[in-house]
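A.B. asks: Chains as they are written, first to last, in our numbering: chain D, 4 to 120; chain L, 493 to 602. Positions of the beta carbon are idealized from the N, C-alpha and C atoms, including for glycine.
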């Protein structure tokens with residue numbers, strides 16, 4: 004089945020630095036990927052939709068200059084948290100849909116736990 | 493805007509019980525609905541996908557039903573096991589976008 008690989012699984016960074024998270028579709032091409040954020044004991048909130056070869060679409064309230072998304076190829080999307088602050092500490096998860104797979108089904112990465120100190 | 497509600501928010505049962513997890517959504521114009529499992533600190537694992545034209549899907553001890561017109565879906569877990577302990581999320585798909593409910597945190601005690 005479709006596999007989405009997310010890296011790193013866990014990262015600790017200092018306040019003010021930037022962190023990059025990678026999301027790869029391993030066995031399929033994904034023109035669209037999705038980035039979610041999840042706070043403890045809460046559900047997933049969509050942050051942005053990543054479109055290959057074009058600008059990402061951000062949800063209301065998500066700062067596009069802070070959460071930079073790049074989707075330069077059909078198998079890789081990256082999320083960069085710029086000038087990270089403690090309030091950015093969260094669990095970030097990406098997902099994609101394999102057009103050739105289970106019709107309409109989405110596959111998720113394993114998530115990245117970001118801690119800003 | 494799609495809103496998804498899952499009831500109950502948490503559930504603790506002894507091993508062997510049959511369980512029903514409920515999901516309701518406000519916008520019935522969906523393409524499909526997916527049920528996921530999330531273990532603590534982990535990503536999401538897809539359990540079942542129901543197309544809007546289907547009434548139910550089964551996989552092993554899991555059965556999911558969909559009543560699109562009334563905006564409801566149910567996940568039935570038969571003969572629960574401690575390994576079923578996790579958070580279960582439902583996510584209707586409308587327009588190439590998933591909206592998640594708050595989840596049901598399930599604990600199955602040996």
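With burial defined as no fewer than 16 other Cβ atoms inside 10 Å of the residue's Cβ, what is the status of residue 551/L: buried or exposed?
C.D. replies: exposed
A.B. asks: State the beta-bridge partners of residue 498/L as determined by DSSP.
C.D. replies: 515/L
A.B. asks: Please look up how many angstroms separate the CB atoms of residue 54/D and residue 81/D, rounded, as I've assumed it's under 8 Å.
C.D. replies: Wrong, their Cβ atoms sit about 13 Å apart, outside the cutoff.
A.B. asks: Please go through the same chain and pick out, in chain order, the residues whose beta-carbon is closer than 7 Å to the beta-carbon of residue 45/D, but skip the five residues on each side of it.
C.D. replies: none
A.B. asks: What residues in the stretch 531-553 of chain L have a beta carbon less than 8 Å from any beta carbon of chain D?
C.D. replies: Residues of the stretch 531-553 of chain L whose Cβ lies closer than 8 Å to any Cβ of chain D, in chain order: 533, 534, 535, 536, 537, 538, 541 and 543.
A.B. asks: To which residues of the same chain is residue 30/D closer than 7 Å at the C-beta, ignoring the five residues directly before and after it?
C.D. replies: 5 and 6
A.B. asks: Looking at the unbroken beta strand (DSSP E) that takes in residue 592/L, where does it start and where does it end?
C.D. replies: Note, residue 592/L: premise wrong, no beta strand (DSSP E); not H, not E.
A.B. asks: Run the CB neighbour count on residue 599/L, radius 10 Å, all protein chains shown included, and call it buried at 16 or more, exposed below.
C.D. replies: exposed
A.B. asks: Assuming residue 559/L is part of the beta strand (DSSP E), what are its boundary residues?
C.D. replies: 554-559
A.B. asks: List the residues of chain L that residue 57/D touches, going by C-beta distances under 8 Å, in chain order.
C.D. replies: Correct list: empty, because the minimum Cβ distance to chain L is about 15 Å.
A.B. asks: Which bits of chain D does residue 632/L rub up against, with CB to CB less than 9 Å?
C.D. replies: With chain L represented from 493 up to 602, any question about residue 632/L goes unanswered, as that position is not in the structure.
A.B. asks: Along the stretch 504-521 of chain L, where does the CB come closer than 8 Å to a CB of chain D? Name the residues.
C.D. replies: none
A.B. asks: Can you find the residues in the same chain that come closer than 8 Å, C-beta to C-beta, to residue 65/D, ignoring five residues on each side of it along the sequence?
C.D. replies: 50 and 51
A.B. asks: Please identify the residue among 92/D, 15/D, 48/D and 120/D whose C-alpha is closest to the C-alpha of residue 98/D.
C.D. replies: 48/D
A.B. asks: Anyone know if the C-beta pair for residue 538/L and residue 108/D falls short of 8 Å?
C.D. replies: For residue 538/L and residue 108/D, yes; Cβs fall inside 8 Å.
A.B. asks: What does the Cβ neighbour count give for residue 588/L, buried or exposed, with the cut at 16 atoms within 10 Å?
C.D. replies: Residue 588/L is exposed by the Cβ-count criterion.
A.B. asks: According to DSSP, is residue 574/L part of a helix, a strand, or is it coil?
C.D. replies: Here residue 574/L sits in helix by DSSP.
A.B. asks: Cβ atoms of residue 569/L and residue 558/L: under 8 Å apart, would you say?
C.D. replies: Taking 8 Å as the cut-off, the Cβ atoms of residue 558/L and residue 569/L do not count as close.
A.B. asks: Is any beta-carbon of chain D found at less than 8 Å from that of residue 563/L?
C.D. replies: no
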